[in-house]
Structures are given as structure tokens and as C-alpha cells.
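First residue of the sequence shown: 373, per the working numbering; consecutive thereafter.
Note that beta-carbon positions come from the ideal geometry of N, C-alpha and C, so glycine has one too.
Quick caveat: nothing in here was measured; it's all calculated off a predicted structure.
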Amino acid sequence: GDVAALVPAAGAGLRLGPGAPKALRHLAGEPLLVHAVRRLLATPDVGCVVVAAPPGEVDTVQAMLPEGVLVVEGGATRQSSVANALRAVPAEYTIILVHDAARALTPPAVIARVAAAVRAGALAVIPVLPVVDTIKRVDDAGDVLATVDRAVLRAVQTPQGFDRKTLTTAHDQAGDDLTDDAGLVEMMGVRVATVPGDDLAMKITRPLDLKIAEALL
Ligand code: CTP
Ligand code: MG
Numbered sequence: 373g374d375v376a377a378l379v380p381a382a383g384a385g386l387r388l389g390p391g392a393p394k395a396l397r398h399l400a401g402e403p404l405l406v407h408a409v410r411r412l413l414a415t416p417d418v419g420c421v422v423v424a425a426p427p428g429e430v431d432t433v434q435a436m437l438p439e440g441v442l443v444v445e446g447g448a449t450r451q452s453s454v455a456n457a458l459r460a461v462p463a464e465y466t467i468i469l470v471h472d473a474a475r476a477l478t479p480p481a482v483i484a485r486v487a488a489a490v491r492a493g494a495l496a497v498i499p500v501l502p503v504v505d506t507i508k509r510v511d512d513a514g515d516v517l518a519t520v521d522r523a524v525l526r527a528v529q530t531p532q533g534f535d536r537k538t539l540t541t542a543h544d545q546a547g548d549d550l551t552d553d554a555g556l557v558e559m560m561g562v563r564v565a566t567v568p569g570d571d572l573a574m575k576i577t578r579p580l581d582l583k584i585a586e587a588l589l
């Protein structure tokens, strides 16, 4: 495939509670990162995977992944971890996916859908789901200011897909740390397209998420 996948995996996992860095925590006997990379490699489009490992864990991470997967050291922010991985991608890959290690159960069909939309000409593509909860805007005291129209909102997942030049330019121009790469592209005024996400692409963030993921496997 002509697609390279970057996997930011350098976070501490503070919201999951005390323990190893989140990407190295186990789900059904294997690190979250191993689950995520397996699903990327099961997607025929993906020809290259670059993982941004937790500081000091590059060798440990390399040893748990199949040969050919590139491992670099991550940074203090997600954005810097992605930037480090992006620099390691060989020149021949023109489509770049950025995929959270914490979305360990993301189906290959979602990965393929995002890659296909970039190949079809989109400069940036994100998988999304409708928002199921009613959403309110509140003031500093926590009192309700307004109810937001849920119909125009989407919850955003990964992998997020990009034309390589677009992502590289976005990272070169990036200022503040954002929680996703499409946000950097939006700030350049580039249109970001959406494709359907999947419940299985949920981000494992809190202890309950890990229990749900165990039940799903
Ligand atoms: N990430 C990263 N480098 C960082 C911070 C986050 O590569 N400095 C990665 C995480 O490893 C994760 C993804 O970005 O795969 C999404 O971040 P998040 O779910 O917030 O993970 P953590 O930052 O590890 O968790 P927390 O915010 O609870 O500490
Ligand atoms: Mg975080």
C-alpha cells in the first residue's frame, strides 16, 4: 500500500489511573498498542507503520511489534509525538493516517474507509459518529447557558487521514497543542471531510473503557 500510518503511543494515560504508559497496558493479555498496530497491518492499504513510543521505551516497544514497524521516541504532547513520527516516514508514502494507540479495537474497515477518501482526493478526512447525549453550554458557575443543537455535532475518532503535504505543512505551522491533527489543518483553512466512524474505534481513556473493550473482544 501507499499509505503510512503514524501511531502516537507516548501518552501517560493519567485518566486510566496509575500504572504503565497507557499504550503498554494490557487488554486480553496484550498491550493496547499491539492490538492497534495489528489492525493497521491487517488493512491492505497500509504499507508503513511508525509508532511514537513513550520516552525511554523505544526498545521495549520495538520488541513487541512485528519486524518492519518503525519506532521513534514520542514527545511531551500528542502533537510533538505525531511530528516525530511524521519525520520518520519514507518519501514514497503520499497518504498519511494518524491513529491513536488508545483506539485499540478500530476495525480495518474504518482504516480503509479513511484511506479511500484521501485517495479519492480529500486533503483531510476524519471518521465521526453522531453525538448521542444532549449537550449544554455552561458558564463558570456550571449553570446552563444554552442547549446546543446535537444534530450538527459529531464525535471525532481516528485514524485521521491526510494528503502528506497538507499534514506536513500543518505541523510546520502549528502553534498550540491540539488534541487532533485535523484541527491543525482546519486552522489553515483547508476543508476537512468526514466518513462514518465505528463504535469499536472508541478511545480507551478511563477504567470503564478498558472493561468495555475486554467485553467486546
Ligand atoms: N499521546 C502521545 N504523546 C503524548 C500524549 C498522548 O503519543 N505526549 C498519544 C497517546 O498515547 C494516545 C493518543 O495520543 O494513544 C491519544 O491521547 P490520550 O487518549 O489523551 O492518551 P494519554 O495522553 O496517554 O492519556 P491521558 O490524557 O489520560 O493522560
Ligand atoms: Mg492525553
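### Query
Unbroken beta strand (DSSP E) runs of length 3 or more, entirely within the region 536-588: which are they?
565-568
### Query
If we ignore side chains and look at the alpha-carbon of each, how far apart do T478 and A395 end up?
14 angstroms
### Query
Which residue's Cα is closest to the Cα of A489: L588, K537, L469?
L469
### Query
Would the region 442-450 and the region 422-430 be scored as touching if the rule is three or more Cβ pairs under 8 angstroms?
yes
### Query
In three-state DSSP terms, what is P480?
helix
### Task
Report yes if the C-beta distance between A474 and K575 is below 7 angstroms; otherwise report no.
yes
### Task
Give the secondary structure of H398 by DSSP, where H, G and I count as helix, E and B as strand, and everything else as coil.
strand
### Query
Once you ignore the five residues that flank T538 on each side, which residues in its own chain have a CB closer than 7 angstroms to its CB?
L495, A496, V557, V562
### Task
Report yes if the C-beta of G555 is less than 6 angstroms from at least one heavy atom of the ligand MG; otherwise report no.
no
### Query
Should A513 be labelled buried (16 or more other beta-carbon atoms within 10 Å of its own) or exposed?
exposed
### Query
Helix, strand or coil for A523 per DSSP?
helix
### Message
Quick test of the definition: if touching needs 3 or more C-beta pairs under 8 angstroms, does the region 502-509 touch the region 531-547?
### Response
no
### Message
Using only CA atoms, which one of S452, L458, A484 lies nearest to L412?
### Response
A484
### Task
Keeping to the same chain, check which residues put their C-beta closer than 8 angstroms to that of D571; ignore five residues upstream and five downstream.
L501
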